[in-house]
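Colleague:
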Amino acid sequence: MKIKGIKAAIVYSTLVLGLTLLANVTKIYLLIGLVQLSPMLVLGLMLLFFSERKTTIRSTGIGKLGNWKWYILAGVSGLPILISFLVAWGIGYIALPTAAFLNTGAAHFTVFEYVGYMTKAFWSPAMLILMGIFAFGEEIGWRGYLQPKLTETYGSKRAILGTSIVWALFHYPFYLNGYNEDGNFIVTILLFTIMIFPLSVFIGWIRFASGSIWPAVLSHTMINLTRSWLEQLFTTKAEGWTYIAGESGMVTIILWGGVAWFIWRSLSRTTTCTPM
-19 MKIKGIKAAI
-9 VYSTLVLGLT
1 LLANVTKIYL
11 LIGLVQLSPM
21 LVLGLMLLFF
31 SERKTTIRST
41 GIGKLGNWKW
51 YILAGVSGLP
61 ILISFLVAWG
71 IGYIALPTAA
81 FLNTGAAHFT
91 VFEYVGYMTK
101 AFWSPAMLIL
111 MGIFAFGEEI
121 GWRGYLQPKL
131 TETYGSKRAI
141 LGTSIVWALF
151 HYPFYLNGYN
161 EDGNFIVTIL
171 LFTIMIFPLS
181 VFIGWIRFAS
191 GSIWPAVLSH
201 TMINLTRSWL
211 EQLFTTKAEG
221 WTYIAGESGM
231 VTIILWGGVA
241 WFIWRSLSRT
251 TTCTPM
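Here it is as structure tokens:
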């Protein structure tokens, strides 16, 4: 059975969003964890039941590495989040644990030792692999399958926007289970939605320009790992700190917005993804 372009994108998006919502409604945390891979799982089902498998797999960019410069760019994708945490730290919204606190209990650390320990733990090969698996589970669907399908009909700019909408909707059900418990529920979702659009421009552009899914996977990995590391590193946080720092704080949004503005101006309306 053949299914192409916008029809394939609609079927795919509906299945991913429906499966994600269903898993989150169950409140079964194993399912909630696994459904983060639903973009990859649904793509697997579509490859199983629909024809043109080879063409679809080629169009994901999974078989092409792309130029090394895209990996350098993807590798610094966590910088906006890092800067946002430094700003929040500077104005007193977050803080590292004090030396007195670190000297209590069985383990005794200086603040410097604590930072080193946490950094080593989060940036270990095991964590990089784990984060990379989940990043791949999303990116093979979003930038590997959905974005190219939308590009066939709408060109690059609208494809990026369409992908960002589905990407945002995909995350909403996770808010039912504590995805972000700081601050006002509506405000945090609004900030997250705003952040998704410029971030989608950045990752989508890397995908287009490199012709490969792997720089996009690396970018997604670095963003998730940087966020997780810093959220655990800074143990003292004032209420509403996520309005300023983190993956969707205002500082992060401003930085991604500036990057996206420059990229958007250079994008062609008719750019297509390069298969391997």
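Anchor point for the sequence shown: position 74 equals 54 in our numbering, and the numbering is continuous, going up by one each time. Backbone N, C-alpha and C define an ideal beta-carbon position, used for all residues, glycine too.
1. Determine the contact status of L198 and A54, defining contact as a CB-CB distance below 9 angstroms.
2. What does a CB cutoff of less than 7 angstroms around A(-11) pick up in its chain, not counting 5 residues either side in sequence?
3. Taking the alpha-carbon positions, what's the L213 to V231 distance?
4. Please determine if the stretch 216 to 224 and the stretch 53 to 73 are in contact, where contact requires at least 3 C-beta pairs separated by less than 8 angstroms.
5. Under 9 angstroms between the Cβ atoms of A104 and F188?
6. Can you list, in chain order, the stretches of the alpha helix (DSSP H) that have 4 or more residues and sit fully within the stretch 99 to 177?
7. Around the C-beta of G117, are 16 or more other C-beta atoms found within 10 angstroms, so that it is buried, or is it exposed?
8. Name the one or two DSSP bridge partners that K(-13) has.
9. By DSSP's criteria, I74 is part of a beta bridge. Which residues make up the other side?
10. Which runs of the alpha helix (DSSP H) fall wholly inside the stretch 181 to 234 and span at least 4 residues, in chain order?
11. I42 by DSSP, collapsed to three states: which one?
12. Looking only at its own chain, which residues have a Cβ that is under 6 angstroms from the Cβ of A139, when we skip the five neighbours before and after it?
13. Could you tell me which of F242, T206, T215, L82 sits nearest to E227, measuring between CA atoms?
Modeller: Taking the coordinates as given:
1. Cβ distance < 9 angstroms, so L198 and A54 count as in contact.
2. L126, K129, L130
3. Those two C-alpha atoms are separated by around 19 angstroms.
4. yes
5. Looking at the sequence itself, residue 104 is Ser, so the reference to Ala does not match. Not a contact, by the Cβ cut-off of 9 angstroms.
6. 105 to 121, 127 to 151
7. By the 10 Å Cβ count, G117 comes out buried.
8. None; K(-13) has no bridge partner.
9. Looking at the DSSP output, I74 shares a beta bridge with K217.
10. 194 to 213
11. In the displayed model, I42 falls within coil according to three-state DSSP, outside both helix and strand.
12. Q127, L130, T131
13. T206
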